[in-house]
Amino acid sequence: MGIKYMWDTNTAIYYLQQQFPPGAEKFMDDLLKDEQPVISAITEIELLCWKTATDKDLDVLRNFISDSLVIELEQPIKLKTADIRKARKIKLPDAIIAATALVYDLTLLSRNTTDFSSINGLKIVNPWEK
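Heads up: the sequence shown begins at 8 in our numbering, then just goes up one per residue.
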């Protein structure tokens, strides 16, 4: 099975801290049986900036990043990010994450559906609603 999902930063943090409701946790566990986690370079940076992380959190985090496919900030993503930012008011990190998902035709896993909902063509799933 090919990769279909990309994790937003909030999804990764909630998963790593085991703070999902049972339905969402099962959904995420099932995904991980079939595919490697995919994150954007921005999500990697945001995770590494996690201020309240304990030493245990940081160990789990480093393992998660190591096990993930990290999509770097390539030219097509930069151009798509610019298009998104020209069309609507959105924070730059969110625009980069959305652009990455669009360029790679991935469904974004995020609780932050409000900020992403106005981006044309972006597929988004909120694991908390599973």
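For every residue, glycine included, the Cβ atom is placed at its ideal position computed from N, Cα and C.
In the DSSP assignment, Trp14 is bridged to Leu116.
For Ser47, the secondary structure class from DSSP, reduced to helix, strand or coil, is strand. Leu80 carries a coil assignment under DSSP once its states are collapsed to helix, strand and coil. With contacts defined as CB atoms closer than 7 Å, Leu109 and Met13 fail to qualify as a contacting pair. Going by DSSP, Ala108 is part of the alpha helix (DSSP H) stretching over 99-110.
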